[in-house]
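S.K.:
Numbering (my numbering), first residue to last: 67 to 319.
Next up, the structure:
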């Protein structure tokens, strides 16, 4: 099935780098009107020109701390104004922040990690609901860590990502009367992302890849494909409340 998102208005949080950027590129390539947020990875003119070449016009990019309620509400107004509405929301912003064994973890770090991954998802989704069209779609980018506990020192991160599964199911039920479908994806080891550059070593990555049944890592495009499928009402119009594993078989290794 050929995907055509022409005229569809898409917001991707954390879209300036890694998985988020892969999703932005994929939607732009398929004709969507795309907006994305960033925090530390501000897009340069070369990236914006590339995205404009894929789509025909530059996407709307706005800096946003998605854990800040006021910032989120103000940014949503600007995004919807720029796009002329909203049909698809991809909650991708998040991160581990810092590895820490639970015994040494501060309450401040625990709360920050949950805010970065879970509270941000809540705030952006809540702000979007007044604008999201009936029959729209929400995709939450969770993680394999939410299913297997993640690596050493990842208790807060794994907990926040596991909670996103529950949030996804609850929102799928709540928004079903509006025909808004809500799903999650759970990527495993995805290269070309800040996560594995910051929180993993070369030896650690090699060992992780060896443990994957397919014996290879994923790339942002490997996440973007399932996200676009879930967002496509023609392909996945009867799919809601699900989690799609994207991990090369690592879940059962």
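No residue lacks a Cβ here, since even glycine has one placed at the ideal position from N, Cα and C.
If we define contact as Cβ-Cβ less than 8 Å, is residue 136 a contact residue for chain C?
M.R.: The structure shown contains no chain C; it is built from a single protein chain.
S.K.: Identify whether residue 153 lies in helix, strand or coil by the three-state DSSP scheme.
M.R.: In this structure, residue 153 counts as strand in the three-state DSSP scheme.
S.K.: Threshold first: 3 residues or longer. Then list the beta strand (DSSP E) segments lying entirely within the region 202-265, N to C.
M.R.: For the region 202-265, whole beta strand (DSSP E) runs of length 3 or above, ordered along the chain, are 247-253.
S.K.: So, with DSSP's three-state summary, where would you put residue 305?
M.R.: Three-state DSSP puts residue 305 in coil, outside helix and strand.
S.K.: Compute the beta-carbon to beta-carbon distance between residue 246 and residue 204, rounded to the nearest angstrom, for a pair I have assumed lies under 8 Å.
M.R.: Correct: roughly 7 Å between the Cβ atoms.
S.K.: In whole angstroms, what is the alpha-carbon distance linking residue 199 and residue 155?
M.R.: For residue 199 and residue 155, the distance between alpha carbons rounds to 11 Å.
S.K.: Tell me whether residue 188 is buried or exposed, calling it buried when 16 or more other Cβ atoms sit within 10 Å of its Cβ.
M.R.: Burial call: buried.
S.K.: Following the continuous alpha helix (DSSP H) through residue 92, name the residue where it begins and the one where it ends.
M.R.: Segment 84-95, the alpha helix (DSSP H) holding residue 92.
S.K.: Touch check for the region 162-172 and the region 229-246: three-plus C-beta pairs under 8 Å?
M.R.: Short answer: they don't touch.
S.K.: If you run the structure through DSSP and keep just helix, strand and coil, what is residue 188?
M.R.: In the structure shown, residue 188 sits in a helix (DSSP, three-state: H, G or I).
S.K.: Check whether the region 134-151 and the region 104-117 are in contact - that is, three or more C-beta pairs closer than 8 Å.
M.R.: No, the region 134-151 does not touch the region 104-117.
S.K.: Quick one, are the C-beta atoms of residue 103 and residue 80 less than 8 Å apart?
M.R.: Contact: yes.
S.K.: Take residue 235 and list the residues in its own chain whose beta-carbon comes closer than 7 Å to its own, dropping the five residues that flank it on each side.
M.R.: Counting only Cβ-Cβ distances below 7 Å, and skipping sequence neighbours, we find 307.
S.K.: Over the uninterrupted beta strand (DSSP E) stretch that includes residue 271, give me the two end residues.
M.R.: It is not in any beta strand (DSSP E) - residue 271 instead sits in the alpha helix (DSSP H) that spans 268-277.
S.K.: Grab me the residues of residue 218's own chain with a C-beta within less than 8 Å of its C-beta, minus the 5 sequence neighbours each way, in chain order.
M.R.: If we look at residue 218 and ignore the five residues flanking it on each side, its Cβ neighbours are 165, 167.
S.K.: Using C-beta distances below 6 Å, list every residue in its chain close to residue 99, excluding the 5 sequence neighbours before and after it, in chain order.
M.R.: Hits under 6 Å: 75, 149.
S.K.: Note down, in chain order, each residue of its chain lying with its Cβ closer than 7 Å to the Cβ of residue 212, except the 5 sequence neighbours on either side.
M.R.: So the list reads 224, 227, 228, 230, 231, 252, once near-sequence residues are dropped.
S.K.: By the three-class DSSP mapping on this structure, what secondary structure does residue 131 have?
M.R.: Three-state result, residue 131: coil.
S.K.: On the criterion of 16 or more Cβ atoms from any shown chain inside 10 Å, does residue 70 qualify as buried, or is it exposed?
M.R.: It counts as exposed.
S.K.: Looking only at its chain, what residues have a beta carbon closer than 6 Å to the beta carbon of residue 96, apart from the 5 residues adjacent to it on each side?
M.R.: These residues qualify, in order along the chain: 69, 71.
S.K.: Assuming residue 222 contacts residue 179 (C-beta within less than 8 Å), just tell me the rounded distance between them.
M.R.: With a Cβ gap of about 4 Å, residue 222 and residue 179 count as contacting.
S.K.: What did DSSP end up calling residue 199 once you bin it into helix, strand or coil?
M.R.: Reduced to three states, the DSSP call for residue 199 is strand.
S.K.: Short of 6 Å in beta carbon distance, which residues of its chain neighbour residue 117, apart from the five on each side in sequence? Order them along the chain.
M.R.: The residues are 94, 125.
S.K.: Give a yes or no on whether the C-beta atoms belonging to residue 285 and residue 255 are separated by under 8 Å.
M.R.: No, the pair does not count as a contact, with Cβ atoms beyond the cut-off.
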